[in-house]
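Structure record follows, encoded as structure tokens.
There are 2 protein chains.
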Amino acid sequence: MSNKPSIPKGTRDFLPTTLAKRQYIFKTISTVFKKFGFVGIETPTFENTETLMGKYGEEGDRLIFRILNSGDKVKKADITALENGELAKFANSVSEKALRYDLTVPFARFVVQHQNELTFPFKRFQIQPVWRADRPQKGRYREFYQCDVDVVGSDSLIYEIELIQIFDEVLSKLGLTDFSIKINNRKILTGIAEVCGETDKLVDITVAIDKLDKIGVDGVIAELENRNISPAAIEKIKPLFDLNGDNFELLNQMKTFLYGNPTGEKGIEELEFIFKQINALGLTKAKLEFQVTLARGLSYYTGAIFEVLVNNVKMGSICGGGRYDNLTELFGVSNMSGVGISFGADRIYDVMEMLELFPPAIQTATRILFINFGEIAQLYCLRLAKEYRDMGVSVEVYPENAKMKKQMKYANDKNIPIVVMLGDDEINKGEVTYKLMESGEQHTVSKSAFKALIQGQ
Amino acid sequence: MSNKPSIPKGTRDFLPTTLAKRQYIFKTISTVFKKFGFVGIETPTFENTETLMGKYGEEGDRLIFRILNSGDKVKKADITALENGELAKFANSVSEKALRYDLTVPFARFVVQHQNELTFPFKRFQIQPVWRADRPQKGRYREFYQCDVDVVGSDSLIYEIELIQIFDEVLSKLGLTDFSIKINNRKILTGIAEVCGETDKLVDITVAIDKLDKIGVDGVIAELENRNISPAAIEKIKPLFDLNGDNFELLNQMKTFLYGNPTGEKGIEELEFIFKQINALGLTKAKLEFQVTLARGLSYYTGAIFEVLVNNVKMGSICGGGRYDNLTELFGVSNMSGVGISFGADRIYDVMEMLELFPPAIQTATRILFINFGEIAQLYCLRLAKEYRDMGVSVEVYPENAKMKKQMKYANDKNIPIVVMLGDDEINKGEVTYKLMESGEQHTVSKSAFKALIQGQ
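Chains as they are written, first to last, in our numbering: chain A, 1 to 457; chain B, 1001 to 1457.
Here it is as structure tokens:
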């Protein structure tokens, strides 16, 4: 191979600094998850094809990466299907396994498969990559991580409250200061459609109203007309154009709007409970905002719907989630209500880069480099290196007696903050000469003073 | 789907306790890697097929999982190849990507691709899953993690020394007390074959001598004869049957054996340097042992060869590694000497289970469960939960006012050590009643006393 090697489009190599920053995000997220009693699980990279197929709609099915059967099994290739252009059928004949497309369906499969080994309500988190045969483009990858946290087996609203606290704590810990947790309830959306007498047009109504800020009242009305909403229904929707105020004021206006509609009123009641509890508990940095048009993957959610937006950066939502009732039904177990949220690691990473929120310490792996002055000095350095490592400090000894310039360049390139130089003089006197790379300061101190110095930091 | 769902054979779901134990291993390993200045990288799950093919031998190629091309691309299926039984050619026509088979080849590709972005010597570690279409059997999986640490761009023996220290520190930290790091040098094996005048029979000679403990001198001689080693060569090999003593005694015997053979003598010199330095530095629990027959993937290594065995458990090697010189040559960059080792996470896990080395704390995710006595008490508990979580304690509030027995069972099943019960009385008096689940002890103390208690632990 003489060409420069490359990786498949839509995939990424993570170099040390980038990986360290990503792991800082994952670590922050999982530490908070654990404090709320969530436990980690992992599922295999590939699932049996039938586990995944038909769960993500037609478009989703097409985006699932499939694994070619190995060895003789490919002999079963359905050539007739191929010749007839029945590509899915052909694919099925040469493939039995497929790469994870998200963490939700494998989780549902997991819960059903292991239901007798789990304690319910089961609170799990999962941080693993997923794969989609999407057209790669800026910010969209074929391999990317999802960070999901879900609890299944309870319909208690306590979990909605805790998930809001988790959004708040994770993002505040990561240094975000201006972000909004948008919340809605599917029952409110259903109520709106029912009140208007357009029960089937839930999605159309929601999509149209959601554009209010962008296209104004006349625009939304035109959009509703385009979507074949009846004039009578549009008349009934109009009060939604004048919603304003804080969460409780909005709730009151919606109470009036949904008066007498049991589903809608139930949604209001749930939201009201959540707002009151969160008000009593307080949030660190997040603003919790009722957004009556929030829908996100509507077909899926049955109760609360969440989305998180960063207000001081232009970027789509960085987190989302909601309550669902029928997830495990796909695998034969019903009555297993669940609620979960997902953190978009790539977008959070981008936001943190833009706002310069990564702590500088993440970018320095090694704290001390010993300059190498030859074999005898080297063994002396290795001894000290062992001592410092036992204290938990990250230490390197330059591997050979190279020119000072080369060794210093290594420290510079690796962003190593402290360089230690131990010549015969230092060794004989039991001293340490060290240079702080950022300031250029150089000092000679006793070994014990130096040890105290690095311990204190 | 009415059948109970399942996962592909050879893959695993990791349930919370197992995952926590695995992550304890990975965390221990990576913490030590970092202290030696190694930095983490990640490469994509799938590589372009040509990056992997031809790197693992014919058998390896067959075990590589391939990804079926998506969408219309499968139309390029080479039906003629299929009909002619040219399965590899057929596979190539419908697949351009393949799952990572190990971490070594992707690392070589990575180093060459990013050579201008890296600082050399480049010290990287990588902990990621790999996939092999092997026949699944006990202890052998189709998806498993590798934990590799390598340094490329230097031939300094300082890295052999540091890798031995890493073996020692990681495994000692994990609680192993009786394990041996076997070490050899490819140059010694080459020297033996050269001294015997059987340069081409390096592998045969090594394999045969390696059986000395099992089949005795006569057995080895028979085996050598079977492998067409000449009687003259066998005569020359005989001194190797009588090797004995500690590392330095063995080295002296091998010095005599290899006298006048430059390659062999170089190998001896390298080993001697390593033994002396390690003797001076000391090891925590590991025994470093010269094993003149150690070969491991011979074709690959050019210098040191490592293997780690646990002495008090019956199990194959749990770690391995060595020095190589031509890895990046596969991708067009030569003169990039490297040395690396790999930790077998699955075997280490099994050893730790057998020897009961996992700290019990790993198995308890949540430390405190608040019993739920209804809405008002619940909000009170949520406030306290927030306070304790802010102290870093993992806390859950039971999601509903269920029967006490049910709530206690939840705590029991989840192995939660402390259950807190706050009735009206406790709330009014500002007290906390808690039960230690293991002993059954129950106490009522002031809120501040309880806080001090959980903080102190």
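Even for Gly, the Cβ is constructed at its ideal location relative to N, Cα and C.
Check, Outcome
"Less than 8 Å between the C-beta atoms of V1432(B) and V1419(B), yes or no?", "no"
"Considering T45(A), what are the terminal residues of the alpha helix (DSSP H) in which it resides?", "Counting along the chain, T45(A) falls outside any alpha helix (DSSP H), and DSSP gives it neither H nor E."
"Looking at the secondary structure, which residues open and close the beta strand (DSSP E) in which D150(A) lies?", "143-152"
"For E1289(B), list the residues DSSP reports as bridge partners.", "K1182(B)"
"From the DSSP output, in three-state form, read off E1441(B) for me.", "coil"
"The alpha helix (DSSP H) spanning R389(A) covers which residue range?", "375-390"
"Flag V1397(B) as yes if its beta-carbon sits less than 8 Å from any beta-carbon of chain A, otherwise no.", "yes"
"Please classify L436(A) as buried or exposed, where buried requires at least 16 neighbouring CB atoms within 10 angstroms.", "exposed"
"Comparing the C-beta of P1360(B) with each C-beta of chain A, is any distance below 8 Å?", "no"
"Check distances from the C-beta atoms of the stretch 405-434 of chain A to those of chain B and list, in chain order, the residues that come in under 7 Å.", "Y410, D413, K414"
"DSSP three-state call for F1036(B): helix, strand or coil?", "coil"
"How about T1011(B): is its C-beta nearer than 8 Å to some C-beta of chain A?", "yes"
"Taking only three categories from DSSP, how would you classify F1257(B)?", "helix"
"Are the Cβ atoms of I1161(B) and V1149(B) separated by less than 8 Å?", "no"
"Use the C-beta contact count for Y1259(B): other C-beta atoms within 10 angstroms, 16 or more gives buried, fewer gives exposed.", "exposed"
"Using 8 Å as the threshold, is the C-beta distance between K287(A) and S180(A) below it?", "yes"
"The alpha helix (DSSP H) with S172(A) in it runs from where to where?", "158-173"
"Could you check which residue in N1311(B), A1020(B), S1337(B) has the C-alpha nearest to that of G1322(B)?", "S1337(B)"
"Between F248(A) and F275(A), is the Cβ-Cβ spacing less than 8 Å?", "yes"
"Which residues mark the beginning and the end of the beta strand (DSSP E) in which S342(A) is found?", "338-343"
"Provide the residue span of the beta strand (DSSP E) that contains R466(A), from first to last.", "The question about residue 466(A) has no answer here: the residues shown for chain A are numbered 1 through 457."
"Examine chain B for any beta-carbon lying closer than 8 Å to the beta-carbon of H443(A), and answer yes or no.", "no"
"For F1328(B), I'd like the list of residues in its chain whose CB is within less than 6 Å of its CB, leaving aside the five on either flank, ordered along the chain.", "The sequence shown places Thr at residue 1328(B), rather than the Phe named in the question. A1108, V1111, V1112, M1336."
"Which residues in chain B sit within 9 Å of Q277(A), going by Cβ to Cβ distance?", "Q1378, L1379, L1382"
"So with CB distances below 8 Å, who are the chain B contacts of S337(A)?", "Under the 8 Å cutoff, chain B gives no residues; its nearest Cβ is about 11 Å from S337(A)."
"For D78(A) versus S95(A), is the C-beta distance shorter than 8 Å?", "no"
"Closer than 7 Å by beta-carbon distance: list the chain A residues that pair up with L1019(B), in chain order.", "G40, I41, E42"
"Where are the beta strand (DSSP E) runs, 3 residues long or more, that stay fully inside the stretch 265-333 of chain A, in chain order?", "287-290, 304-310, 319-324"
"Return helix, strand or coil for A91(A), following the three-state DSSP convention.", "helix"
"What does the alpha-carbon distance come out to for the pair L174(A) and I348(A)?", "9 Å"
"Give me the DSSP bridge partner(s) of A411(A).", "The partner list for A411(A) (beta bridge, DSSP) is empty, contrary to what the question assumes."
"Is there at least one Cβ from chain B nearer than 8 Å to F14(A)'s Cβ?", "yes"
"Is there a Cβ from chain B that is less than 8 Å from the Cβ of V94(A)?", "yes"
"What residue does the beta strand (DSSP E) around K1123(B) start on, and which one ends it?", "1122-1131"
"For the alpha helix (DSSP H) containing F110(A), list its first residue and its last residue.", "104-113"
"When DSSP labels each residue in this structure, what does R140(A) get in the three-state scheme?", "strand"
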